[in-house]
Amino acid sequence: MFWVLLLLLAWAAAGLSCTRLCLAAMRAAAVDADAARGHHLTLYEAAFLSGGPARVAELTLVSMARQRRLLLAHTGWATVVDPRGRDEMERSVIGAIGPEGQSRIAPVRATAATADSVRGLGDRLVAAGLAVPDGARTTVAGAVRQVQAAAAAVFALAAVALLMPSQTTESDVPVAIWFALPLILTLSCLAIARIEVHPYTRWASPAGQRLLGTLSRRTDLAADDRTYLTSVAVRGIRAVGEPDLRAAFAHRDRTPGRRG
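Take a look at the structure:
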């Protein structure tokens, strides 16, 4: 009857991991449902809620490039044309490029994403109930990974129990059925989490998601410059229509050096 000990381990792993996931999902959803009421997202806010700090940096780069105040070459270099930033985000990008006025796009994007202006933007969105705090995002993602590990552990324990000789039950119920129950529990929790809280590392709270949904519908109805930038904020670089501009962000040099 050694398989009973394995079954207890399976139930412990499944029960603890599923409980943690439920608690994490509840904390992530515990945001004021009326937070979105009366709030109109700026482009930077939409970018943060859609893709986090990196999306804000990308939006700023694209916006400045479309205004011809920043040159983004298809070789992956950024060159300052107008050194006067019109807001905190633009000044962060210009500062990340450096005094020489030219730098690789990848480090500029990474540096701008960690700027104080971006962190302040995130803090304001969290305070407004539109963004999920960092701890909640990490907790949900970690809980999902724990449930996935528990499901794999249940399957492995079941395999060990079935391969052990002379493992019988006092009833007519096969050993595999007993292990199927905790496995169903973990898989059900993962399925529910996929429906209710996916993507697990999302930046927007439920209220923020509703505002983003409104923006997404608007981008399908117009084609002006602001709508173009809204699409970039919501969908990222894949919404950029110019091939050279997309290539600028996708370019990766094999050997470092200045653009020639």
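Here the sequence shown stands for residues 8 to 267, numbered as in the working numbering. Note that CB positions come from ideal geometry on N, CA and C, so glycine has one too.
Beta carbon of residue i nearer than 7 angstroms to that of residue j
i      : j      : result
Leu28  : Cys196 : yes
Val167 : Val125 : no
Leu222 : Val241 : yes
Ala31  : Thr146 : yes
Leu77  : Met71  : yes
Continuous alpha helix (DSSP H) stretch holding residue i: start and end
i      : result
Leu78  : No alpha helix (DSSP H) holds Leu78; the beta strand (DSSP E) holding it covers 77-79.
Val87  : Counting along the chain, Val87 falls outside any alpha helix (DSSP H), though it belongs to the beta strand (DSSP E) covering 84-87.
Arg98  : 95-104
Arg201 : 182-203
Pro250 : 250-257
Ser212 : That residue, Ser212, is in no alpha helix (DSSP H); it is neither H nor E in DSSP.
Met71  : 50-73
Val241 : 232-242
Gly92  : Note, Gly92: premise wrong, no alpha helix (DSSP H); not H, not E.
Val139 : Segment: none, Val139 is in no alpha helix (DSSP H) and carries neither H nor E.
Val125 : 123-134
Contacts around residue i, its chain only, beta-carbon distance under 8 angstroms, and the 5 residues preceding and following it disregarded
i      : result
Asp232 : Arg73
Glu65  : Ala54, Gly58, Arg116, Val239, Gly243, Ile244, Phe256
Leu192 : Ala21, Gly22, Cys25
Val133 : Val139, Pro140
Ile112 : Leu68, Leu79, Gly83, Trp84, Ala85, Ala255, Phe256, His258
Nearest-angstrom Cα separation, counted from residue j out to residue i
i      : j      : result
Gly264 : Phe55  : Confidence in Gly264 is poor, its pLDDT being 45 and thus under 50, which makes the residue's placement too unreliable to answer from.
Leu194 : Met33  : 19 angstroms
Leu16  : Ala138 : 37 angstroms
Ala85  : Tyr235 : 21 angstroms
Arg152 : Leu188 : 20 angstroms
Leu12  : Pro181 : 16 angstroms
Met171 : Pro114 : 55 angstroms
Glu107 : Ile202 : 48 angstroms
Ser110 : Trp210 : 29 angstroms
Segment limits, beta strand (DSSP E) that includes residue i
i      : result
Ser110 : 109-111
Reference residue i, options the options, closest by Cα
i      : options                        : result
Ala122 : Ile104, Trp210, Gly136         : Ile104
Gly129 : Val11, Ser212, Ala200, Pro60   : Pro60
Ala150 : Gly108, Trp185, Ala200, Ala120 : Ala200
Ala135 : Gly215, Leu23, Ala246          : Gly215
Ala120 : Thr67, Pro172, Ala19           : Thr67
Glu249 : Ala80, Ser110, Glu203          : Ala80
Ala157 : Val11, Ala19, Leu12            : Ala19
Gly220 : Phe9, Leu48, Ala159            : Leu48
Gly127 : Arg111, Met96, Ile112          : Met96
Asp251 : Ala211, Val69, His46, Gln109   : Val69
Arg217 : Trp10, Phe9, His46             : His46
7 angstroms Cβ shell around residue i - same chain, five flanking residues per side excluded
i      : result
Asp94  : none
Ala183 : Ala165, Leu169
Phe162 : Leu190
Ile101 : Val87, Pro90, Gly92
Arg253 : Ile244, Val247
Ala159 : none
Gln155 : Leu197
Trp185 : Leu14
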